[in-house]
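Worksheet: the structure to be examined is printed underneath.
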Amino acid sequence: MSVLVTGGARSGKSSFAERLCMQRSSEAWYVATAQAYDDEMRERIRLHQSQRDEAGYLWHTVEEPLALSELITQMGESHTGTSAPTVLVDCLTLWLSNVLLAHEHEPVQVLYDHMDALVAAIHSYPGLLVLVTNEVGDGIVPEYALGRRYRDLAGILNQRIAAICREVFLVTVGIAIELKSREYRL
Numbered sequence: 004m005s006v007l008v009t010g011g012a013r014s015g016k017s018s019f020a021e022r023l024c025m026q027r028s029s030e031a032w033y034v035a036t037a038q039a040y041d042d043e044m045r046e047r048i049r050l051h052q053s054q055r056d057e058a059g060y061l062w063h064t065v066e067e068p069l070a071l072s073e074l075i076t077q078m079g080e081s082h083t084g085t086s087a088p089t090v091l092v093d094c095l096t097l098w099l100s101n102v103l104l105a106h107e108h109e110p111v112q113v114l115y116d117h118m119d120a121l122v123a124a125i126h127s128y129p130g131l132l133v134l135v136t137n138e139v140g141d142g143i144v145p146e147y148a149l150g151r152r153y154r155d156l157a158g159i160l161n162q163r164i165a166a167i168c169r170e171v172f173l174v175t176v177g178i179a180i181e182l183k184s185r186e187y188r189l
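The opening position of the sequence shown corresponds to residue 4 in our numbering, with each subsequent residue numbered one higher.
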């Protein structure tokens, strides 16, 4: 079962996703997609790690900035005969940013291929998979082409993943609302 947790920056979505994992399983893998390019980001990562360590919950952490679909597939396949582990991915929009920058000068189809592979991996994962992503479409239109491409791709990725998740939570000001059960269908 896949669960998508979205919201704006500093909305509380990562904390909610962590609590959700703790409520639904006794341990989980924490897949971090962030890359520490500067001291400020290294400090953010350190703070997140120490908060998880202090929670009294068994987190197994792995960092994977690019090969996320491959990792999810491997984690699902490596547990044949036993239940697949609970996995928390934080976050999809950082992963997308990493992929976009790695393939910035390639045709946009390369990015869609990566997104297709990720959607397929999520869809076939046999265990609980909690995915954190940023809602980036509520702001202003970015001034630069790369920013507009990122915003558009993030919106497309989020919609595609929300469509295959059983639950989708929007977190704002630390409050989570489940959206799928409230979805208006045409």
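Heads up, the beta-carbon is just placed ideally off N, CA and C, and yes, glycines get one too.
Nothing here was measured: the structure is a model prediction, and the numbers come from that model.
Could you tell me if residue i is buried or exposed, where buried requires 16 or more neighbouring beta carbons within 10 angstroms of its beta carbon?
| i | result |
| --- | --- |
| Ser17 | buried |
| Met44 | exposed |
| Ser184 | exposed |
| Ser86 | exposed |
| Glu21 | buried |
| Val3 | The question about residue 3 has no answer, for the chain in this structure spans 4 to 189. |
| Val133 | buried |
| Leu189 | exposed |
| Ser81 | exposed |
| Asp93 | buried |
| Arg47 | exposed |
Compute the distance between the beta-carbons of residue i and residue j, then report whether it is under 8 Å.
| i | j | result |
| --- | --- | --- |
| Glu30 | Leu61 | yes |
| Ile159 | Ile125 | no |
| Leu91 | Cys24 | yes |
| Thr36 | Thr136 | no |
| Phe19 | Ala148 | no |
| Ser5 | Arg169 | yes |
| Leu7 | Val171 | yes |
| Pro88 | Gly130 | yes |
| His63 | Trp98 | no |
| Ala12 | Ser72 | no |
Can you name, in chain order, every residue of its own chain whose Cβ lies under 6 Å from the Cβ of residue i, other than the five neighbours on each side?
| i | result |
| --- | --- |
| His117 | Val102 |
| Tyr128 | Ile75 and Gly79 |
| Gly140 | Gly158 |
| Glu67 | Val34 and Leu74 |
| Arg49 | none |
| Gln38 | Pro68 |
| Asn161 | Thr136 |
Ordered along the chain, which non-local residues of its own chain (more than five positions away) have a Cβ less than 7 Å from that of residue i?
| i | result |
| --- | --- |
| Thr96 | Thr136, Asn137, Val139 and Ala157 |
| Val122 | Arg163, Ile164 and Ile167 |
| Leu69 | Asn101, Val102 and Ala105 |
Which same chain residues, not among the five before or five after residue i, have their C-beta less than 8 Å away from its C-beta?
| i | result |
| --- | --- |
| Arg237 | With the chain covering only 4 through 189, there is no way to say anything about residue 237. |
| Val144 | Arg151 and Arg154 |
> Hey, which unbroken runs of the alpha helix (DSSP H) at 4 residues or more fall wholly within the region 147 to 173?
Replying inline: 148 to 167
>> Restricting to runs no shorter than 3 residues, where is the beta strand (DSSP E) found entirely within the region 65 to 110?
In response: 89 to 93
> What runs of the alpha helix (DSSP H), each 4 residues or longer, lie entirely inside the region 10 to 66?
Replying inline: 16 to 27 and 42 to 57
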